[in-house]
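Report on the structure given below.
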Amino acid sequence: MYSTCIFCNGALGTNEVLEDFPVGRRIAFDAARGRLWVVCRRCERWNLSPIEERWEAIEAAERIFRETRMRVSTDQIGLARHREGLELVRIGAPQRPEFAAWRYGDQFGRRRRRALLVGGATAGVIGTVAIAGVVTGVLSGAILAQSGNFVNLWQNARTLVRVRAPDGRLLKLKRPDLQAAALRPDTEAGGFVLELRNKRRVTHVFRGEQAERIAGVMMPRLNAAGARPSVVQDAVTTLERAGGPEAFLEDLLRTPPVASRGRRQLLEPGTLKLGRLPTPSRLALEMALHEEQERRALEGELKALELAWQEAEEVAAIADDLLLPDRVLRMLGRA
């Protein structure tokens, strides 16, 4: 049983309601299609569960959903909260745009609210320290005026994503690294190539499904601020107008969007820099990558899904080990 988000490597949490699937605090399911997701409360992404773990859990989720008092319900989508805290999202038979708008509107809306709360709290702490310094004569008013910059510095210094380089090394990517990441068409194998640069200006190149999987992990971090409902709807419309995720990715690389300031997003012919994408295009890119990964899993390529979960568990274990003393590691048998 997996317990780590395949997108942000965060813990998915546990529940004591679904005996056959005790992972996650928010479960989404589609009984008709046999799909079960664990919604990560850290990045709000939907983790599709391995197929052999779905069926009994879906039946139990359907039964519990019907027995639980509903908070929100339409003909197509229902949301219920169990008395022990587990949230269940029941998918009926919505048209694709409706499902996408609800699913991603929920994700990006939650992220936006969280980002506003975290940003306000951080700025408030820094402001309080600065004001205290002014009162005591330790800090000047200029420090207070720069509190917003301190927040940005703190955010840019955090490691947001950890991925394995082709040579096996663990890359720790910060926000500037994600913004500088570039995509370009793979003229040989199809799809796209992902290029990441580390602080030593060494470029790491990823191709094929590995490139898509890593880009899928990066985009929730780039879109951590979420978006207003109108912007999310623009992204859903963009994806639908292109004809689906695969067609959208092709269009994005072939005809990059123009930002509001009128500057094209190309670094060089055929190369797209993620940090320069306008917000609706960034959101649509995250949606497209997510849905492409699910499509392959649902078409029988479950090994790729298993690999993604296993890599998430491995990276999470490495991250944990960095914080544990040697004596604790020895006690756990991981030294």
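Numbering (my numbering), first residue to last: 150 to 484.
Glycine is no exception: its CB is placed at the ideal position from the N, C-alpha and C atoms.
A quick note: this is a predicted structure, and the numbers were derived from the prediction, not measured.
| Asked | Found |
| --- | --- |
| Less than 7 Å between the C-beta atoms of L161 and V172, yes or no? | yes |
| Drop a sphere of 10 angstroms on the beta-carbon of V351, count the other beta-carbons inside from all chains shown, and report buried for 16 or more, exposed for fewer. | exposed |
| Just list the residues that DSSP pairs P334 with in beta bridges. | F341 |
| L426: which of C192, N372, A391 and N305 sits nearest, CA to CA? | N372 |
| Just to confirm, are G227 and R239 a CB contact at a threshold of 7 Å? | yes |
| So L401 and P394 are supposed to be a Cβ contact under 8 Å. How far apart are they, rounded? | Contact doesn't hold; Cβ gap of about 10 Å is too wide. |
| Which one of R377, R260 and G339 has the shortest CA to CA distance from C192? | R260 |
| Which residues in the same chain as T163 place their Cβ atom closer than 7 Å to its Cβ, once the five residues preceding and following it in sequence are excluded? | P171 and V172 |
| Thinking C-beta only, is L343 closer than 7 Å to A314? | no |
| Could you give the uninterrupted runs of the beta strand (DSSP E) lying entirely in the segment 344-383, keeping only those of 3 residues or more? | 352-356 |
| Ends of the beta strand (DSSP E) at A128? | The shown model of the chain, from 150 to 484, leaves out residue 128, and the question about it has no answer. |
| Please report the distance separating the alpha-carbon of R175 from that of N347. | 35 Å |
| Using the beta-carbon count (16 or more within 10 Å), is E440 buried or exposed? | buried |
| Identify whether G227 lies in helix, strand or coil by the three-state DSSP scheme. | strand |
| Return the CA-CA distance between L265 and R377, expressed in angstroms with no decimal places. | 12 Å |
| Look up N501 in the DSSP assignment and say whether it is helix, strand or coil. | With the chain represented from 150 up to 484, any question about residue 501 goes unanswered, as that position is not in the structure. |
| Taking the straight line between their C-alpha atoms, what separation do you get for E216 and V366? | 36 Å |
| Nearest-angstrom Cα distance between L531 and V312? | Nothing about residue 531 can be reported from this structure: the residues present for the chain run from 150 to 484 only. |
| Tell me which same chain residues have a C-beta within less than 8 Å of the C-beta of V381, skipping the five on either side of it? | A250, Y253, G254, F257, G258 and L432 |
| Whose C-alpha, out of E208, A209, A210 and V187, is nearest the C-alpha of D199? | For clarity, residue 199 is Pro in the given sequence; the question names Asp instead. If we check each option's Cα against that of P199, V187 comes out closest. |
| I'd like to know whether the C-beta atoms of F178 and A210 end up nearer to each other than 7 Å. | yes |
| Tell me whether the beta-carbon of L237 lies closer than 7 Å to the beta-carbon of A206. | no |
| Let me know the secondary structure DSSP gives L118 once reduced to three states. | Outside the shown range of the chain, which is 150 to 484, sits residue 118, and nothing can be said about it. |
| Please return the same chain residues whose Cβ sits closer than 6 Å to the Cβ of R194, not counting the five positions on each side in sequence. | F156 and P369 |
| According to the Cβ coordinates, are R324 and N305 closer than 7 Å? | yes |
| Does the beta-carbon of R307 have 16 or more other beta-carbons within 10 angstroms, so that it is buried, or is it exposed? | exposed |
| At what residues does the beta strand (DSSP E) containing R184 begin and finish? | R184 to V188 |
| Helix, strand or coil for V385, going by three-state DSSP, please let me know. | helix |
| With burial defined as no fewer than 16 other Cβ atoms inside 10 Å of the residue's Cβ, what is the status of R203: buried or exposed? | buried |
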